[in-house]
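**Q**
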Amino acid sequence: MATSPTVHIICSDQHRNGKTLLARLLVDFLMLDGRDPFCVDTDAPDGPLRTFFPGRTALADFAAITGQMKLFDTILAAPGRDYVVDLPARHTESFFHTARDLDFFAECKRTGFRVFVFYIVDNSFASLKAAYALQREKGIDLFIPVRNMLVRSHWPENEGALTIPFLAAPIASAISNRRFSLREFVNGDPQGLSPDMTPQLQSFLYEMLNGLNGLEPMRAPSPHRLQ
Amino acid sequence: MKPTLILVGADKGGVGKTTVSRALLDYFARKNILTRAFDTENPRGSLHRFYPANTEIIDLGNVAHQMRVLDTMETSNVPVTIVDLKAGNLSYSLDLFERIGVLEAARNGMFTMGLFHVVGPSIASLDEIGEIAKYLSGIQYVVARNSINETNFFEWDEATYRKYFSQIAKTQEISVPKLNEMAYEQVDVAGVTFKDFIDNRAADGSQGKFSFVLRGYVRKWCSEIDAEFAHVKMLQDVLTGGRQQ
Chain A
87 MATSPTVHII CSDQHRNGKT LLARLLVDFL MLDGRDPFCV DTDAPDGPLR
137 TFFPGRTALA DFAAITGQMK LFDTILAAPG RDYVVDLPAR HTESFFHTAR
187 DLDFFAECKR TGFRVFVFYI VDNSFASLKA AYALQREKGI DLFIPVRNML
237 VRSHWPENEG ALTIPFLAAP IASAISNRRF SLREFVNGDP QGLSPDMTPQ
287 LQSFLYEMLN GLNGLEPMRA PSPHRLQ
Chain B
8 MKPTLILVGA DKGGVGKTTV SRALLDYFAR KNILTRAFDT ENPRGSLHRF
58 YPANTEIIDL GNVAHQMRVL DTMETSNVPV TIVDLKAGNL SYSLDLFERI
108 GVLEAARNGM FTMGLFHVVG PSIASLDEIG EIAKYLSGIQ YVVARNSINE
158 TNFFEWDEAT YRKYFSQIAK TQEISVPKLN EMAYEQVDVA GVTFKDFIDN
208 RAADGSQGKF SFVLRGYVRK WCSEIDAEFA HVKMLQDVLT GGRQQ
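These protein sequences, in sequence, are chains A and B. The numbering used here applies: residue 87 is where the first sequence begins, and numbers increase by one. The numbering used here applies: residue 8 is where the second sequence begins, and numbers increase by one.
Here it is as structure tokens:
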């Protein structure tokens, strides 16, 4: 992953395809790596990402200008750390439109940020088309197409992508508990997860963290903790 | 280059005259054209609050003040003079300028004169156009439809609208786009020019603490205004002349 402060934007044109899970994994990954990420959850009022990281997440309703200020101004006012922005599908288009209008990505550069966009390509041609269009957006340092094996993806097999492996429903349900910390799990605390589920979750996280780590191969390989 | 005198007025208050004056001053500042402004909202002067360095508050009914505006156009070495007319004073001011020969001088080509007539959405605004038509010969007349206050101009009946405009030859029209309310308020509260707000500069010249988002909204609004002003011949003539100087 990026060594310099980075704004990570997690998005998709479709809902319920793993954006918040990916954002959550990314936050834990950064923290495992000794970073201090701050999150902006634009899925107000529910704030699913904030549920997992209440102390390090701002909830912003992107539909309101005050929400846009909370997002953009928060990031630009405190550079020097990583940010993870979880965008629900309904705000994805307007987010990039507003970012373009405000010249946000250029301002990020001036402030010393890199911009990484994680785009979950859903199982439709429209989603693929939207991904290709976003890939051409100016100011994005790294565009990362993401395949979620649970919902399938139209992203071509022969083109590189970050893959969210399949996760069985009972495990997904278990880790959806806000008290379950993926980071603590990686550090060896099963947090009550049944022994038969533990290896599956370990395998899932190993693959995920390896994938995230592969985005910037010079970094220390955090997934080894799971071996 | 001949000096240019731009009047900004309306016979109705609260339609955004001062906003249009500010937009014009900002526009010229961004294009590196020197301007001076006169604020006839005596004694308060809302334009003066934003441009204290180049705005004077005057009483247009006072002869000495009239001289400050008109007799110095040639000698001031400032190509553009903007006069922000007090609310409700448009007809009065044009009548005054007719009586003292200012309009005649403009018609004779001594200087370029333009009027930005800021109108609201009501039929009263159209009546204003009818009232001032008789003064407009030889003046570049621009109707500025101001959307800043969420007004809806499509409420105007098109036939009625045309009837009024048919009285005036060569009317130019611009639409002042809507600026986000919060952004507008913040510029107002800061008491700075739109340009300084965008550049994050406070009224005392120090680094401002304005929201990046609101600055972005103002920047976008200014670029939309620039696109509107690009259609106004008088303004483009100033820019061309300004570069030639």
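Each residue gets a CB set at the ideal place from its N, CA and C atoms; glycine is no exception.
What first and last residue would you give for the beta strand (DSSP E) that runs through A/E270?
**A** Note, A/E270: premise wrong, no beta strand (DSSP E); alpha helix (DSSP H) at L268 to V272.
**Q** Does B/I205 come out as helix, strand or coil in the three-state DSSP assignment?
**A** Here B/I205 sits in helix by DSSP.
**Q** Chain A beta carbons: is any one of them nearer than 8 Å to that of B/V220?
**A** Cβ-Cβ to chain A under 8 Å: yes for B/V220.
**Q** Quick check on the DSSP output: the alpha helix (DSSP H) that includes A/N296 runs from which residue to which?
**A** Element bounds for A/N296: T284 to N299.
**Q** Which word fits A/S289, buried or exposed, when buried means at least 16 other C-beta atoms lie within 10 angstroms of its C-beta?
**A** Burial call: exposed.
**Q** Based on Cα-Cα distance, which residue from B/S213, B/L67, B/G95 and B/A30 lies nearest to B/L109?
**A** A small fix is needed here, since residue 109 of chain B is Val in this sequence, not Leu. Selected option, being the one with the closest Cα: B/L67.
**Q** Let's see if you can read the secondary structure: which residues bound the alpha helix (DSSP H) around B/H55?
**A** Run containing B/H55: S53 to F57, per the alpha helix (DSSP H) assignment.
**Q** Between B/N187 and chain A, is any beta-carbon pair separated by less than 8 Å?
**A** Chain A contact via Cβ: present.
**Q** DSSP on B/V239, reduced to helix/strand/coil?
**A** Correct three-state label for B/V239: coil.
**Q** Using the Cβ count rule (16 or more neighbours within 10 Å means buried), how would you classify A/I206?
**A** A/I206 comes out buried.
**Q** According to the neighbour-count rule (16 or more other Cβ atoms, all chains shown, within 10 Å of its Cβ), is B/Y70 buried or exposed?
**A** Looking at the sequence itself, residue 70 of chain B is Val, so the reference to Tyr does not match. That one is exposed.
**Q** Following the continuous alpha helix (DSSP H) through A/E179, name the residue where it begins and the one where it ends.
**A** Here the alpha helix (DSSP H) through A/E179 covers A175 to L188.
**Q** Does the separation of the CB atoms of A/L173 and A/F181 fall below 8 Å?
**A** In contact: A/L173 and A/F181 (Cβ atoms closer than 8 Å).
**Q** Rounded to whole angstroms, what is the Cα-Cα separation between A/A287 and A/G297?
**A** The sequence given here has Leu at residue 287 of chain A, not Ala. Approximately 15 Å between the Cα atoms of the pair.
**Q** Tell me which same chain residues have a C-beta within less than 8 Å of the C-beta of B/R37, skipping the five on either side of it?
**A** Cβ neighbours of B/R37 beyond the five flanking positions: K202, C229 and D233.
**Q** Can you tell me whether B/V76 is buried or exposed? The criterion is at least 16 other CB atoms within 10 Å of its CB, across all chains shown.
**A** The residue is buried, with at least 16 neighbouring Cβ atoms inside 10 Å.
**Q** So what's A/H94 in DSSP terms, helix, strand or just coil?
**A** If DSSP states are grouped into helix, strand and coil, A/H94 belongs with the strands.
**Q** What does DSSP give as the partner residues of B/V15 in its beta bridges?
**A** According to DSSP, which records beta bridges pairwise, B/V15 is partnered with B/D91 and B/F123.
**Q** With 7 Å as the C-beta to C-beta threshold (strictly closer), list the residues of the region 147-166 of chain A near chain B in chain order.
**A** The residues in question are I151, Q154, M155, F158, D159 and L162.
**Q** If we ignore side chains and look at the alpha-carbon of each, how far apart do A/P251 and A/T184 end up?
**A** Their backbone Cα atoms lie some 32 Å apart in a straight line.
**Q** Shortest alpha-carbon distance to B/R56 belongs to which of B/G198, B/D18, B/I40 and B/H124?
**A** The residue with the shortest Cα to Cα distance from B/R56 is B/G198.
**Q** Output needed for B/F161: all residues of its chain with C-beta closer than 6 Å, excluding positions within five of it in sequence on either side, in chain order.
**A** At B/F161 the pLDDT is 46, less than 50, meaning the model places this residue with poor confidence; the figure from the coordinates comes in the next sentence. There are no such residues.
**Q** Under 7 Å from any heavy atom of the ligand ZN, does the C-beta of A/F290 make it?
**A** Because no ligand of any kind appears in the structure shown, any question about the ligand ZN cannot be addressed here.
**Q** Hey, is the region 162-171 of chain A in contact with the region 91-110 of chain A, meaning 3+ C-beta pairs nearer than 8 Å?
**A** With the cut-off at 8 Å, the region 162-171 of chain A and the region 91-110 of chain A touch.
**Q** Interface residues of chain A around B/K227 at Cβ under 8 Å?
**A** Going along chain A in sequence order, the residues near B/K227 (Cβ under 8 Å) are D187 and L188.
**Q** With a threshold of 8 Å between beta carbons, is B/G223 in contact with chain A?
**A** Chain A contact via Cβ: present.
**Q** Tell me, which residues are paired with A/Q221 by DSSP?
**A** Paired residues: none, contrary to the question.
**Q** For the region 168-197 of chain A, which residues have a beta carbon sitting closer than 7 Å to at least one beta carbon of chain B?
**A** The region 168-197 of chain A vs chain B, Cβ under 7 Å: D187, L188, D189 and E193.
**Q** By alpha-carbon positions, which one of B/T25, B/R114, B/S154 and B/G127 ends up nearest to B/L143?
**A** The shortest Cα separation from B/L143 among B/T25, B/R114, B/S154 and B/G127 belongs to B/R114.
**Q** Of the residues A/I230, A/D159 and A/S210, which one's Cα is nearest the Cα of A/T197?
**A** Nearest of A/I230, A/D159 and A/S210 to A/T197, Cα basis: A/D159.
**Q** Going by beta-carbon coordinates alone, are B/I146 and B/M120 separated by less than 8 Å?
**A** Contact: yes.
**Q** Taking the straight line between their C-alpha atoms, what separation do you get for B/K19 and B/S154?
**A** Distance between the alpha carbons of B/K19 and B/S154: 15 Å.
**Q** Taking only three categories from DSSP, how would you classify A/F138?
**A** Note: A/F138 maps to helix in three-state DSSP.
**Q** Using the C-alpha atoms, what's the distance from A/D147 back to A/Q154?
**A** Between A/Q154 and A/D147, the C-alpha separation is close to 7 Å.
**Q** Would you report the Cα separation of A/F229 and A/M117, rounded to the nearest angstrom?
**A** In a straight line, the C-alpha of A/F229 is about 22 Å away from that of A/M117.
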